[in-house]
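The listed protein sequences derive, respectively, from chains A and B.
Read left to right, the first sequence gives residues 0 to 433 (numbering that gives the first Met the number 0).
Read left to right, the second sequence gives residues 0 to 433 (numbering that gives the first Met the number 0).
Here's the structure, in structure tokens; my notes come after.
There are 2 protein chains.
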Amino acid sequence: MTCPFGHGKPPSRRAFLGAAGGLVAVAGSSGAAPPVAKTLAQSAIEPFWGPHQGGIATHQQTHTYFATFDLLASQRAQIVTMLRAWTAAAARMSTGQTAGPLGAEPAKIAPDGGAAIGLSPARLTITFGFGAGLFVKDGQDRYGLAAQRPASLVDLPKFHGDQLEPARTGGDLSVQACADDPQVAFHAVRELVRLAYGVAQLRWAQSGFLPSTPPGETPRNLMGFRDGTNNPPHSLSDRPATADLPRAFDRVVWVGEAGPEWMRGGSYLVARRIRIALEHWDRTELDFQEEVIGRHKYSGAPLGMTGELDDLGLEREDGEGNPVIGETAHVRLGSALANDGAQMFRRAYSYNDGASFTAERWPPWRQGMMYDSGLFFLCYQTDPRTSFIRMFERMARFDALNQYTTHNGSALFACPGGIDEGTYIGQRLFETAL
Amino acid sequence: MTCPFGHGKPPSRRAFLGAAGGLVAVAGSSGAAPPVAKTLAQSAIEPFWGPHQGGIATHQQTHTYFATFDLLASQRAQIVTMLRAWTAAAARMSTGQTAGPLGAEPAKIAPDGGAAIGLSPARLTITFGFGAGLFVKDGQDRYGLAAQRPASLVDLPKFHGDQLEPARTGGDLSVQACADDPQVAFHAVRELVRLAYGVAQLRWAQSGFLPSTPPGETPRNLMGFRDGTNNPPHSLSDRPATADLPRAFDRVVWVGEAGPEWMRGGSYLVARRIRIALEHWDRTELDFQEEVIGRHKYSGAPLGMTGELDDLGLEREDGEGNPVIGETAHVRLGSALANDGAQMFRRAYSYNDGASFTAERWPPWRQGMMYDSGLFFLCYQTDPRTSFIRMFERMARFDALNQYTTHNGSALFACPGGIDEGTYIGQRLFETAL
């Protein structure tokens, strides 16, 4: 071996990789054995192709990395080229492969940064969304797509109490990677960022996590309460996103005939970064916390009930004629019953970005270094106008939980229907508009 | 059941919990079954008591939450009271219990916020450290401990290129929680924050993660390179922190006769928050990345070699008499050989705090939203003066990697020796100084 960088050395694991089914790219670059994911358990792979995008009905992974992008492209064709590349790379990465096949040219920028080499696919899903800016930006129809903007892809109204930061709000495109390993999720988005050079650039990003919760249990959020109990029922097992799910879930989540053709089988995603004054919460009496939420903390049962899945019983009164679950309780204001049947599917993560200096908005108006932590609220629905917006306009005014929460980031995206093998994300939109 | 809040309802799972060995606190509060960690696998519990604190020799968990505190106390006795409470709560939490036994008084602030109820202990370790401010602050001997300040607990010098932010630097005390679940780690620190009210307050905090890496493999960092290959050898299996580890590790990490009595079996922790210009790195050719690091990316082998564990061979030259591993390569400057034998044990995590506006410090001086991500570097040693400081003074000037990195947070803590059951963290310090 004379060349100190080992160029030209044969890729010693090629044979092994062939035998392993070719799931992982083979490369002979840079004088060393090529990378390989050694434990590619099929159970750790979520389907990428199908009638719906992954990451929505998918049993929730423990980590997410969510990013939005501003489009820089002057031509629609540039976006199509990028979306083709994104689709190909996402399909590869969801099976544990590198974003592109690793070549044998170490003097070039490698087609994958390598941060997930050797890791499990970790049930990676990548969910793409289109923001209003793809269709119209500052009044301009930049890409000839304005006529295709769905009526449901509104500009979100300003809600009571909103303290939105531009650097955590909006975006022309969204990419959400979810995986059971934070490095797998972050790696996936980074590789897509690389494929977007000159066409789209990162606008903001947020990582999130869930605790490892036994199957069938509702995870607790950072307030210590179970979060998601009242979601529309669907199987929480690891069934593929393409499987038939109970109708309640389908009706709430997937766009049907009412939407534009390219949105059928898709869903609208609302993202809200909700900072929680955990210091304040942690100094709050247990029974007041339970009144604020409307549930018992430990069991998750509605106030006065014993089972997490017991009916809320919003009509129940105590001996003095007061509602058992108060008028401003979080679960009442978030219930379908109190919102003319409005529902959405919550797929939220907790977030934890350390600590920063903050002045609390509520008594006793503490100031100081506080947790920059809370809920990265994500929900899916067929039409945000009749679900999230309708529900949150009242919650933002009346929810007792608002004493502890501040919404400082926000975005709405149209997540197109699923991707058939051989096509690219949003192809039906771009073909329709040609 | 007449009381809507269900007070007075007998705790229905008391019998079950008794049978389960009493690992989890029993409570009959608030009208619902009390919480219980259902899957308390003994294998998920790291020992808390022993000659060394956990979280140092412990096989590295996948998540960390690190916090530092400013002391508010006017009396030393207040600190002792808090450290007793911290020790008791940490011991309980490391076995999956709540920070304190849950009572039956819902009108009070509960002795645990509940965010980890039902979760696995997740190999939680909690590692305490004492900063210089415990001994002397602004020239004041606040607690009569100044004479006990170890010579090794220096004020870190300003290193070349440092861009330290006060809100990520220093602290009178440190608490590091490590666990295989991010919510378990965060919960543990939050509960200690609650026990510190009036005595110490949060100064800054940082969360971090590692990929799930197969046993025996060195995890890759966000630059795609294996990180930690040259650590002093010790078993990477899940053996308890109290087990005998190979002497090389012991010699590098644990303070012996040279330290003050209360530091014996302890270690000095240097923490550095290192933002990495990943956008810049991701646009760098593979062979240049490898020259910067001094290793091949995929195999982890030293340049020109084939095995990750091959000797660096720093003396090797190419055909033209140039060193194979360059003078400014990261591995050369970080090697014991190039630092008169100086060594430390690296126990770093990656961090990912989303994105923020940044101006790069290097050509082509990009400005914009960039990943706020990088390495939360943590290392342990018997004396930082002859290990981290000695090594990093040269690295900060010459390391080729500096083109991509910015140190914006920093701290040094003396982590006392382990805790014997019935005592509290640092007891030997506080008793000595009485």
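Beta carbons are placed, not taken as given, at the ideal position from N, Cα and C, and that holds for glycine.
Predicted, not measured: the structure shown is a model, and the values here were computed from it.
V330/B in three-state terms, based on DSSP:
Residue numbering aside, residue 330/B sits at position 331 when the second sequence is read from its first letter. Here V330/B sits in helix by DSSP.
Apply the 10 Å Cβ neighbour rule to S173/B and answer buried if 16 or more other Cβ atoms are within range, or exposed otherwise.
In the second sequence, the residue the question calls residue 173/B occupies position 174. Buried, because 16 or more other Cβ atoms sit within 10 Å of the Cβ of S173/B.
Taking 8 Å as the CB-CB cut-off, is E314/A touching chain B?
Translated into positions along the first sequence, residue 314/A becomes position 315. Not an interface residue.
Report yes or no: do three or more beta-carbon pairs, one from the stretch 217-233 of chain A and one from the stretch 302-318 of chain B, lie closer than 8 Å?
no
Outcome for S73/A when other beta-carbon atoms lying within 10 angstroms are tallied against a minimum of 16
By one-based count along the first sequence, residue 73/A stands at place 74. So S73/A ends up on the exposed side.
Cβ atoms of L277/B and R141/A: under 8 Å apart, would you say?
The residue labelled residue 141/A in the question sits at position 142 within the first sequence. The residue labelled residue 277/B in the question sits at position 278 within the second sequence. No; because the gap between Cβ atoms is not below 8 Å, this pair is not in contact.
Are A66/A and L201/A touching if we call contact CB-CB under 8 Å?
Here residue 66/A refers to the residue found at position 67 of the first sequence. Here residue 201/A refers to the residue found at position 202 of the first sequence. Yes, these two residues count as a Cβ contact at 8 Å.
On the CB-based measure, 16 or more other CB atoms within 10 Å of its CB, does V35/A come out buried or exposed?
To locate residue 35/A, count along the first sequence from 1; it is residue 36. In this prediction, V35/A has a pLDDT of 40, which is less than 50 and means its spatial position is unreliable; nothing more can be read from the coordinates.
By alpha-carbon positions, which one of P149/A, D171/A, L400/A ends up nearest to F287/A?
Counting from 1 along the first sequence, the entry for residue 287/A is found at position 288. Ranking P149/A, D171/A, L400/A by Cα distance to F287/A puts L400/A first.
Using a Cβ-Cβ distance cut-off of 8 Å, determine whether G367/B contacts chain A.
Your numbering for residue 367/B matches position 368 in the second sequence. Answer yes: the Cβ-Cβ gap between G367/B and chain A drops below 8 Å somewhere.
Can you check which of these residues, L209/A, D161/A, L82/A, is closest to A115/B by C-alpha distance?
Against the second sequence, residue 115/B aligns to sequence position 116. Ranking L209/A, D161/A, L82/A by Cα distance to A115/B puts L209/A first.
Could you please give the first and the last residue of the uninterrupted beta strand (DSSP E) stretch that includes M369/A?
Taking the first residue of the first sequence as position 1, residue 369/A is located at position 370. Start and end: 366-380.
Any C-beta of chain A under 8 Å from that of K107/B:
Counting from 1 along the second sequence, the entry for residue 107/B is found at position 108. It does; some Cβ of chain A falls within 8 Å.
Do G258/B and P149/B have their beta-carbon atoms positioned less than 8 Å apart in this structure?
Numbered from 1 along the second sequence, position 150 holds the residue referred to as residue 149/B. Numbered from 1 along the second sequence, position 259 holds the residue referred to as residue 258/B. In contact: P149/B and G258/B (Cβ atoms closer than 8 Å).
Counting beta carbon pairs with one atom in the stretch 125-134 of chain B and one in the stretch 410-424 of chain B, are three or more of them shorter than 8 Å?
yes
Would you verify that the beta carbon of S206/B is, or is not, closer than 8 Å to some beta carbon of chain A?
If you number the second sequence from 1, residue 206/B lands on position 207. Chain A contact via Cβ: present.
Between the beta-carbon of Q147/B and the beta-carbon of G353/A, is there less than 8 Å?
The residue given as residue 147/B occupies position 148 in the second sequence. The residue given as residue 353/A occupies position 354 in the first sequence. Not a contact, by the Cβ cut-off of 8 Å.
Euclidean distance between Cα positions of A358/B and T217/A:
Against the second sequence, residue 358/B aligns to sequence position 359. Against the first sequence, residue 217/A aligns to sequence position 218. Near 42 Å, if we compare the C-alpha coordinates of T217/A and A358/B.
Grouping DSSP H, G and I as helix and E and B as strand, with all else coil, what is D249/B?
Taking the first residue of the second sequence as position 1, residue 249/B is located at position 250. Looking at D249/B - three-state DSSP - the assignment turns out to be helix.
Please name the residue in I125/A, A347/A, T94/A, H329/A whose C-alpha comes closest to that of A395/A.
Here residue 395/A refers to the residue found at position 396 of the first sequence. Of the listed residues, the one whose Cα sits closest to A395/A is H329/A.
For D281/B, which of helix, strand or coil comes out of DSSP?
Numbered from its first residue, the second sequence carries residue 281/B at position 282. Looking at D281/B - three-state DSSP - the assignment turns out to be helix.
Relative to the C-alpha of G138/B, which residue among D154/B, M92/B, F127/B is closest?
The residue given as residue 138/B occupies position 139 in the second sequence. Ranking the options by Cα distance to G138/B, first place goes to D154/B.
Would you verify that the beta carbon of A88/B is, or is not, closer than 8 Å to some beta carbon of chain A?
In the second sequence, the residue the question calls residue 88/B occupies position 89. Not closer than 8 Å to any Cβ of chain A, the Cβ of A88/B fails to qualify, so no.
Hey, Y350/B and F375/B: beta-carbon distance below 8 Å or not?
For the purposes of this step, residue 350/B is identified with residue 351 of the second sequence, where counting begins at 1. For the purposes of this step, residue 375/B is identified with residue 376 of the second sequence, where counting begins at 1. Cβ distance < 8 Å, so Y350/B and F375/B count as in contact.
Are at least three pairs of beta-carbons, each pair with one atom in the stretch 97-116 of chain A and one in the stretch 42-50 of chain A, less than 8 Å apart?
Three or more beta-carbon pairs separated by less than 8 Å are not found between the stretch 97-116 of chain A and the stretch 42-50 of chain A, which leaves the two stretches without contact.
When we look at the beta-carbon of T61/B and count the other beta-carbons within 10 Å, is it buried (16 or more) or exposed?
By 1-based counting over the second sequence, the position of residue 61/B is 62. By the Cβ-count criterion, T61/B is buried, with 16 or more other Cβ atoms from all chains shown falling within 10 Å of its own Cβ.
Straight-line CA distance for P383/B to R282/A?
In the second sequence, the residue the question calls residue 383/B occupies position 384. In the first sequence, the residue the question calls residue 282/A occupies position 283. When only Cα atoms are considered, P383/B and R282/A end up about 39 Å apart.
Less than 8 Å between CB atoms is the rule here; does A43/B satisfy it with respect to chain A?
Locating residue 43/B in the second sequence gives position 44, counting from the first residue. Chain A, which has no Cβ nearer than 8 Å to the Cβ of A43/B, makes this no.
Members of the stretch 288-301 of chain A near chain B, C-beta cut-off 7 Å:
E289, H295, K296, Y297, S298, A300
Between which two residues does the alpha helix (DSSP H) carrying R396/A extend?
Here residue 396/A is taken as the residue at index 397 of the first sequence, counted from 1. R396/A -> alpha helix (DSSP H) spans 387-397.
Residues of its chain near T305/A, where Cβ-Cβ distance is below 7 Å and the 5 sequence neighbours each way are ignored:
Position 306 of the first sequence, counted from the start, is the residue given in the question as residue 305/A. Excluding five sequence positions before and after T305/A, the CB atoms of its chain that fall closer than 7 Å to its own CB belong to S298, given in chain order.
In the DSSP assignment, what are the bridge partners of Q139/A?
Counting from 1 along the first sequence, the entry for residue 139/A is found at position 140. DSSP, once it has assigned bridges, lists K136/A as partnering Q139/A.
Contact list for E326/B against chain A, beta-carbon separation under 8 Å
Here residue 326/B corresponds to residue number 327 of the second sequence, with the count starting at 1. Neighbours of E326/B in chain A, taken as residues at a C-beta separation under 8 Å, are lacking, since the least C-beta distance is about 15 Å.
Assuming E290/A and A300/A form a contact by the criterion Cβ under 8 Å, report the distance between their Cβ atoms to the nearest whole angstrom.
Looking up residue 290/A in the first sequence gives position 291. Looking up residue 300/A in the first sequence gives position 301. Not a contact, Cβ separation roughly 14 Å.
Here's the rule: buried if 16 or more other CB atoms are within 10 angstroms of the residue's CB, otherwise exposed. What is Q336/A?
On the first sequence, position 337 is the one that residue 336/A refers to. Note on identity: in this sequence residue 336/A is Leu, with Gln being the wrong assignment. Exposed is the call here.
What would DSSP say about P34/A, mapped onto helix, strand or coil?
On the first sequence, position 35 is the one that residue 34/A refers to. Any answer about P34/A is weak, because its pLDDT of 40 lies below 50 and its placement is not dependable; what the coordinates show is given next. Coil, per DSSP.
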